[in-house]
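Novice: Taking the numbering used here, the leading residue of the sequence shown gets 5, the next gets one more, and so forth. Glycine included, every Cβ here is placed at the ideal spot set by N, Cα and C.
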Amino acid sequence: MFGREFQRKYALTDQGVRNVRQGTLWTVVVNLIVMGGVSILYVIMYSFIGILTGNEYAISTFSILIALVLFVFLSFFAHMQQYKATYGLVYDEVRATRLALAERLRKLPLGYFGKRDIADLTETIMGDVNRMEHVWSHVLGYLYGSYVSTAIIAICLCFYDWRLAIASLWGVPVAFALLFGTRKLTEASSERTKMAALAVSDGIQEALDNIREIKAANQKERYLDGLYMKIDEHERATIKGELGTGVFVNAASVIMRLGIATTIFTAAFLILSGEMDFMLLFLFLLVIARIYAPFDQSLTLIAELFISQVSADRMMEINDTPTASGSSVFNPQGHDIVFDHVSFAYDSAEVLKDVSFTAKEGEVTALVGPSGSGKSTCARLAARLWDVTGGSIKVGGVDISTVDPEVLLSDYSMVFQDVVLFDDTVMENIRLGRRGASDAEVLSAARDANCDEFVSRLADGYNTAIGENGAKLSGGERQRISIARALLKDAPIVLLDEATASLDVENETKVQEALSRLLKGKTVLVIAHRMRTVEGVDKVIVLKDGEVAEEGRPEELMKRVGLFSHMVQLQRESAGWRL
Ligand code: ADP
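As structure tokens, then:
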């Protein structure tokens, strides 16, 4: 019952499964002891009626007293154990699970973080684990314990009188069948609520990230309207979900309680036909009242279990994503990057198909192609942010999928559009390129990247804090910091995402100068969006729908009638970088 499948389903650790097993055991014991209490009550009533009717029964007051004391003691002990096994141990489980998730995230390929954003992952580590905590502590042990103890009690009741047993318990399977039958609906509405909640938190995060642009462009109303809509949607989804669950749970509970009526009918019939005495009915009613109590709660718990499945699945999705690991030794022969029949899919659709090309050391290789053709994907794969699905990528003859990503990345500099900056000084942000670099080295890299010009305008120069994610800097300034970082790192491979859209002409020239310093002698792979950028490069790889459509020196490609010459013609008018 508590095998691997169970463990995966409820996202439990090994210790968590042991806790649930213990919780179940103690719940069974508690429920049986409570039934023992009911039996004592029955015996007391029986002797009491005996005294009233003048029939003495052979049960002494003393033995009833002993039974009562024993009951109180056992009941206390079993409840304590049950508490310990369920509520008591769950905090360790929560801590262990959060740590395991965080550790797992650390080892996942970096590309994974593009697929599930930070708000989403935080929600899993905090919110989903919280929801599961409730399931681990309040639901699983209690539910499974109730199943087992009810089965035992049902068997005992059958021994007393099978007809009454059926009359009183038929509602239980019917109620459960109703809940399981509507499970898909409950799960679907839970998923909808979850998605709506994520949309709200994404919306808020987006607003915080873009607050300056929203204010500047006078988009506050439009933006707030969008957010209100998301909040309304979430509210609607929540109400609908809770209403649905509530209706099913209450219907199931009513069906189960119909058992009391059928028991009384059947009993009346049996008593009238002289097959049963009144006291047995009394016992049945006592037992049924007790049996329904845990089940009533179970019905709500089962609904919670269905809803929690979404959380458990989201946690398991992190656990199921393959981690990127590999050797900590990386000794390439030179730094040519070779794509050898590479294919790749983020999900099921293939994004790259049989892509082969070489980016030579000391040369600039440009990836061009229409939007969505796979340029960024190639760059991400070259740095092992994702692992290829077919074929291989070699750097200096070494298959990069065999190298620990952290070790591999020490040979790469990435100058991407979305530079990550920390709320620290300019100096420390640049120093991130190479930890341990001296102040003089940092300043020299900064000068080469043309940072001096804008830093001199900051209040404290290089010691100015730049705000969260560089909020106080312009696009071009951020990019120059990122180039300074790359210069400081001086890695043999440079991946570059041409992104000049937000820069003005003056900035562009400065960035360009900085870049030419950075790129000298390196293996450079550049994602080019503008055709003029690639006029001076050594080699162009033209991608179309994830395949290499053309490849060669730009002047060669220009002479052919093909995608490249077509794209160049289209963009002839616009300005761009030259490398
Ligand atoms: P380009 O850089 O040429 O615009 P991309 O490499 O970004 O193209 O995208 C290639 C294809 O892969 C597109 O169809 C895009 O929708 C898809 N894609 C890109 N990133 C992801 C991702 N993180 N998850 C799923 N699909 C993605």
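How big is the Cα-Cα spacing for residue 288 and residue 44?
Specialist: In the sequence shown, counting from the first residue as 1, residue 288 sits at position 284. In the sequence shown, counting from the first residue as 1, residue 44 sits at position 40. The alpha-carbon atoms of residue 288 and residue 44 are separated by roughly 14 Å.
Novice: Quick check: is any heavy atom of the ligand ADP less than 7 Å from the C-beta of residue 355?
Specialist: Taking the sequence shown and counting its residues from 1, the one referred to as residue 355 is at position 351. True, at least one ligand heavy atom lies under 7 Å from that Cβ.
Novice: Name the residue from 308, 88, 242, 83 whose alpha carbon lies nearest to the alpha carbon of residue 138.
Specialist: Here residue 138 refers to the residue found at position 134 when the sequence shown is read from its first residue. Measuring from the Cα of residue 138, the nearest candidate turns out to be 308.
Novice: Leaving aside the five residues before and after residue 106 along the sequence, list all residues of the same chain whose C-beta is less than 8 Å from its C-beta, in chain order.
Specialist: Looking up residue 106 in the sequence shown gives position 102. 129, listed in sequence order.
Novice: What's the C-alpha gap between residue 222 and residue 228?
Specialist: Taking the first residue of the sequence shown as position 1, residue 222 is located at position 218. Taking the first residue of the sequence shown as position 1, residue 228 is located at position 224. Cα-Cα distance, rounded: 11 Å.
Novice: Given a threshold of 16 other Cβ atoms within 10 Å of its Cβ, counted over all protein chains shown, does residue 547 qualify as buried or as exposed?
Specialist: The sequence position of residue 547 within the sequence shown is 543, counting from 1. Buried.
Novice: Who does residue 403 pair with in a DSSP beta bridge?
Specialist: As a working mapping, residue 403 is identified with position 399 in the sequence shown. Per DSSP, 398.
Novice: Based on Cα-Cα distance, which residue from 35, 125, 111, 124 lies nearest to residue 86?
Specialist: By 1-based counting over the sequence shown, the position of residue 86 is 82. For the residues 35, 125, 111, 124, the minimum Cα distance to residue 86 belongs to 35.
Novice: If you follow the alpha helix (DSSP H) that residue 198 is part of, which residue opens it and which one closes it?
Specialist: Counting from 1 along the sequence shown, the entry for residue 198 is found at position 194. In the DSSP annotation of this structure, the continuous segment of the alpha helix (DSSP H) that includes residue 198 starts and ends at 187-213.
Novice: Applying the criterion that 16 or more other CB atoms from any shown protein chain within 10 Å of the CB defines a buried residue, is residue 515 buried or exposed?
Specialist: Numbered from 1 along the sequence shown, position 511 holds the residue referred to as residue 515. Label assigned to residue 515: buried.
Novice: Return the CA-CA distance between residue 251 and residue 268, expressed in angstroms with no decimal places.
Specialist: Counting from one through the sequence shown, the residue named residue 251 turns up at place 247. Counting from one through the sequence shown, the residue named residue 268 turns up at place 264. Roughly 27 Å between the two C-alpha positions.
Novice: Determine the extent of the beta strand (DSSP E) in which residue 418 is found, giving its start and end residues.
Specialist: Taking the first residue of the sequence shown as 1, we reach residue 418 at position 414. Residues 416-419.
Novice: Inspect the beta-carbon positions of residue 162 and residue 169 and report whether they are closer than 8 Å.
Specialist: One-based indexing of the sequence shown puts residue 162 at position 158. One-based indexing of the sequence shown puts residue 169 at position 165. For residue 162 and residue 169, yes; Cβs fall inside 8 Å.
Novice: For the ligand ADP, I want to know if residue 381 counts as a neighbour, meaning its beta carbon is within less than 7 Å of at least one of the ligand's heavy atoms.
Specialist: As a position in the sequence shown, residue 381 is number 377, starting the count at 1. Correct: residue 381 has its Cβ closer than 7 Å to the ligand ADP.
Novice: Between the alpha carbons of residue 257 and residue 293, how many angstroms are there, rounded?
Specialist: Taking the sequence shown and counting its residues from 1, the one referred to as residue 257 is at position 253. Taking the sequence shown and counting its residues from 1, the one referred to as residue 293 is at position 289. Whole-angstrom Cα-Cα distance: 13 Å.
Novice: In its own chain, which residues sit with a C-beta less than 8 Å from the C-beta of residue 336, not counting the 5 before and 5 after it?
Specialist: Position 332 of the sequence shown, counted from the start, is the residue given in the question as residue 336. These residues qualify, in order along the chain: 399, 400, 401, 402, 415.
Novice: Give the secondary structure of residue 469 by DSSP, where H, G and I count as helix, E and B as strand, and everything else as coil.
Specialist: In the sequence shown, the residue the question calls residue 469 occupies position 465. Three-state result, residue 469: strand.
Novice: Looking at the unbroken alpha helix (DSSP H) that takes in residue 225, where does it start and where does it end?
Specialist: Here residue 225 refers to the residue found at position 221 of the sequence shown. Residue 225 -> alpha helix (DSSP H) spans 224-276.
Novice: Assign residue 501 to buried or exposed, taking buried as 16 or more other Cβ atoms, counted over all protein chains shown, within 10 Å of its Cβ.
Specialist: In the sequence shown, residue 501 corresponds to position 497, counting from 1. Answer is buried; the Cβ neighbour count reaches 16.
Novice: Does the beta-carbon of residue 351, which I'm using as the reference point, lie nearer than 7 Å to any heavy atom of the ligand ADP?
Specialist: One-based indexing of the sequence shown puts residue 351 at position 347. Yes, since a heavy atom of the ligand ADP falls inside the 7 Å radius drawn around the Cβ of residue 351.
Novice: Since I believe residue 356 is in contact with residue 342 (beta carbons under 8 Å), could you give me their beta-carbon distance rounded to a whole number of angstroms?
Specialist: Stepping through the sequence shown from its first residue, residue 342 is reached at position 338. Stepping through the sequence shown from its first residue, residue 356 is reached at position 352. Their Cβ separation, rounded to whole angstroms, is 15 Å, which puts residue 342 and residue 356 out of contact at 8 Å.
Novice: Would you report the Cα separation of residue 183 and residue 56, rounded to the nearest angstrom?
Specialist: Indexing the sequence shown from 1 puts residue 183 at position 179. Indexing the sequence shown from 1 puts residue 56 at position 52. Rounded to whole angstroms, residue 183 to residue 56 spans 47 Å at the Cα level.
Novice: Are the beta-carbon atoms of residue 94 and residue 30 separated by less than 8 Å?
Specialist: On the sequence shown, position 90 is the one that residue 94 refers to. On the sequence shown, position 26 is the one that residue 30 refers to. No, Cβ-Cβ distance for residue 94 and residue 30 is not below 8 Å.
Novice: Within the chosen definition, does the segment 194-204 reach the segment 239-246 through at least 3 CB pairs nearer than 8 Å?
Specialist: yes
Novice: Between which residues of its own chain and residue 490 is the CB-CB distance below 7 Å, once the five residues before and five after are set aside?
Specialist: Taking the first residue of the sequence shown as 1, we reach residue 490 at position 486. Same-chain partners within the cutoff: 417, 419, 437, 498, 522.
Novice: Is residue 532 helix, strand or coil when you go by DSSP?
Specialist: Here residue 532 refers to the residue found at position 528 when the sequence shown is read from its first residue. In the structure shown, residue 532 sits in coil (DSSP, three-state: anything other than H, G, I, E or B).
Novice: State yes or no: is the C-beta of residue 235 nearer than 7 Å to some heavy atom of the ligand ADP?
Specialist: Here residue 235 is taken as the residue at index 231 of the sequence shown, counted from 1. No, Cβ of residue 235 sits at least 7 Å from all heavy atoms of the ligand ADP.
Novice: For residue 177, tell me which candidate among 450, 425, 158 has the shortest Cα-Cα distance.
Specialist: Numbered from its first residue, the sequence shown carries residue 177 at position 173. Nearest option by C-alpha distance: 158.
Novice: Using CA atoms only, rank isn't needed, just tell me which of 285, 531, 487, 150 is closest to residue 46.
Specialist: Here residue 46 refers to the residue found at position 42 of the sequence shown. Residue 46 has its Cα closest to that of 285, out of 285, 531, 487, 150.
Novice: Using 8 Å as the threshold, is the segment 379-397 in touch with the segment 566-576, meaning 3 or more CB pairs across them?
Specialist: no
Novice: For residue 101, name the three-state secondary structure that DSSP assigns.
Specialist: The residue given as residue 101 occupies position 97 in the sequence shown. Note: residue 101 maps to helix in three-state DSSP.
Novice: On a CA-only basis, which of 429, 525, 524 is nearest residue 485? Give me that one, please.
Specialist: Counting from one through the sequence shown, the residue named residue 485 turns up at place 481. The shortest C-alpha separation from residue 485 is found at 429.
Novice: Take residue 376 as the anchor and find which of 550, 407, 92 has the nearest alpha-carbon.
Specialist: Residue numbering aside, residue 376 sits at position 372 when the sequence shown is read from its first letter. Among 550, 407, 92, the Cα nearest to that of residue 376 belongs to 550.
Novice: From residue 505 to residue 144, what does the alpha carbon distance come to, in whole angstroms?
Specialist: On the sequence shown, position 501 is the one that residue 505 refers to. On the sequence shown, position 140 is the one that residue 144 refers to. The predicted position of residue 505 is uncertain, since its pLDDT is 45 and thus under 50; a value taken from the coordinates is nonetheless stated next. When rounded, the distance between both Cα atoms is 55 Å.
Novice: Return the Cβ separation of residue 238 and residue 192 in integer angstroms, given the expectation that the two are a contact with Cβ distance under 8 Å.
Specialist: The count along the sequence shown starts at 1 and reaches residue 238 at position 234. The count along the sequence shown starts at 1 and reaches residue 192 at position 188. Not really, about 16 Å apart at Cβ, beyond 8 Å.
Novice: In its own chain, which residues sit with a C-beta less than 6 Å from the C-beta of residue 28, not counting the 5 before and 5 after it?
Specialist: As a working note, residue 28 is residue 24 in the sequence shown. Counting only Cβ-Cβ distances below 6 Å, and skipping sequence neighbours, we find 145, 148, 149.
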